[in-house]
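Engineer: For the sequence shown, the UniProt record's numbering begins at 1 and goes up steadily by one.
Backbone N, C-alpha and C fix where the C-beta goes; we use that ideal spot for every residue, glycine too.
Treat the numbers as computed from the prediction; the structure is a model and nothing was measured.
I'd like to ask some things about the structure below.
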Amino acid sequence: MPKVEIGSIAMQLNRKAIKNLHISVLPPDGRVRVSAPESMTETAIRMAVISRIPWIKKQQSDFAKQPRQSDRAMVSGECHYLWGRRYRLNLIERSGKHEIKLGRGRLHLYVNPATTLENKALVLSSYYRDALKARIAELLPVWEDKIGVKAADWGIKKMKTKWGSCNTQARRIWLNLELAKKPPECLEYILVHELVHLLERNHNERFKGYMDKLLPDWRERRDLLNRMPLAHNNWIY
Numbered sequence: 001m002p003k004v005e006i007g008s009i010a011m012q013l014n015r016k017a018i019k020n021l022h023i024s025v026l027p028p029d030g031r032v033r034v035s036a037p038e039s040m041t042e043t044a045i046r047m048a049v050i051s052r053i054p055w056i057k058k059q060q061s062d063f064a065k066q067p068r069q070s071d072r073a074m075v076s077g078e079c080h081y082l083w084g085r086r087y088r089l090n091l092i093e094r095s096g097k098h099e100i101k102l103g104r105g106r107l108h109l110y111v112n113p114a115t116t117l118e119n120k121a122l123v124l125s126s127y128y129r130d131a132l133k134a135r136i137a138e139l140l141p142v143w144e145d146k147i148g149v150k151a152a153d154w155g156i157k158k159m160k161t162k163w164g165s166c167n168t169q170a171r172r173i174w175l176n177l178e179l180a181k182k183p184p185e186c187l188e189y190i191l192v193h194e195l196v197h198l199l200e201r202n203h204n205e206r207f208k209g210y211m212d213k214l215l216p217d218w219r220e221r222r223d224l225l226n227r228m229p230l231a232h233n234n235w236i237y
């Protein structure tokens, strides 16, 4: 992907078969990605980016100010999040199956002695996946009915630059595993966002009109999602 510099701002330029130019500011360092129509001249691209420099700098500043979770050591006393609530980890070593239980602001992680850091993290990741899967299974049919669309398939995976994605041709939706850590209304916002892509592929005024009608407070939910503590490799949507 070619790089273009405008003043102190370096950006990655990606030409696509699209109608409009899109500018994204990505974490963790606020790098700028520009998606431009294949026929758009570099001069026109530069002028468009220059007009958005105040917005770009604000987004980069917001990234710098956002709280971030430290790398996970999986030890007692460490903070973890579930549905927007913070829990203190209580590591309990004992024989038997690995499991997690919640209670009084604590996340009790039961593992066998000598369980590795990687495997402790896998137990927690599996717990998040099950919790997210159950919540999506409740929300999806409700919103499919409200919107009048049907996803052919959906899944959960770790994604580096998106909270969700929608393959409009396959009608398949993917949701980021990290959403299990965020408030439930953030998951609902992302789910609705991706389902609306089955009506409108692009983030244009028509798309925003659907969102305004279906979920009038979607901007507030988006802002809430972006204010929540980030893992070291998370991003703004």
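Count the other C-beta atoms from every protein chain shown that fall within 10 angstroms of the C-beta of residue 34, then say buried if there are 16 or more, exposed otherwise.
Structural biologist: Buried: at least 16 other Cβ atoms inside 10 Å.
Engineer: Would the segment 155 to 164 and the segment 175 to 184 be scored as touching if the rule is three or more Cβ pairs under 8 Å?
Structural biologist: A contact exists between the segment 155 to 164 and the segment 175 to 184.
Engineer: Helix, strand or coil for residue 62 per DSSP?
Structural biologist: Three-state DSSP puts residue 62 in a helix.
Engineer: Measuring straight from C-alpha to C-alpha, what distance separates residue 221 and residue 185?
Structural biologist: Computed Cα separation, rounded: 7 Å.
Engineer: Quick one, are the C-beta atoms of residue 15 and residue 36 less than 8 Å apart?
Structural biologist: For residue 15 and residue 36, yes; Cβs fall inside 8 Å.
Engineer: Mapping the DSSP letters down to three states, classify residue 40 as helix, strand or coil.
Structural biologist: If DSSP states are grouped into helix, strand and coil, residue 40 belongs with coil.
Engineer: Measuring alpha carbon to alpha carbon, tell me which of 149, 158, 157, 227 ends up nearest residue 241.
Structural biologist: Since the displayed the chain opens at 1 and closes at 237, residue 241 lies outside it and no answer follows.
Engineer: Does the distance from the CB of residue 103 to the CB of residue 88 come in under 8 Å?
Structural biologist: It is not a contact, given that the beta carbons lie outside the stated cut-off.
Engineer: Under 8 Å Cβ to Cβ from residue 112, same chain only, skipping five residues before and after it: list those, please.
Structural biologist: These residues qualify, in order along the chain: 93, 94, 95, 96, 98.
Engineer: Straight-line CA distance for residue 144 to residue 114?
Structural biologist: When rounded, the distance between both Cα atoms is 45 Å.
Engineer: Residue 122 to residue 7, Cα distance in whole Å?
Structural biologist: Cα to Cα, residue 122 sits roughly 44 Å from residue 7.
Engineer: Name the DSSP beta bridge partners of residue 90, please?
Structural biologist: In DSSP, residue 90 forms a bridge with 108.
Engineer: Exposed or buried, which one is residue 169 when buried takes at least 16 other CB atoms within 10 Å?
Structural biologist: Burial call: exposed.
Engineer: Leaving out five residues on either side along the sequence, give the residues of the same chain with a beta carbon under 6 Å from the beta carbon of residue 236.
Structural biologist: Any reading at residue 236 must be qualified, since the residue scores a pLDDT of 41, below 50, and its modelled position is unreliable; no value is offered.
Engineer: I need the DSSP call for residue 99, collapsed to helix, strand or coil.
Structural biologist: Looking at residue 99 - three-state DSSP - the assignment turns out to be strand.
Engineer: Identify the residues that DSSP records as bridge partners of residue 175: which are they?
Structural biologist: In the DSSP output, where bridge partners are listed per residue, residue 175 has 156, 164.
Engineer: Which residues does DSSP list as the beta-bridge partners of residue 226?
Structural biologist: Bridge partners of residue 226: none, in fact.
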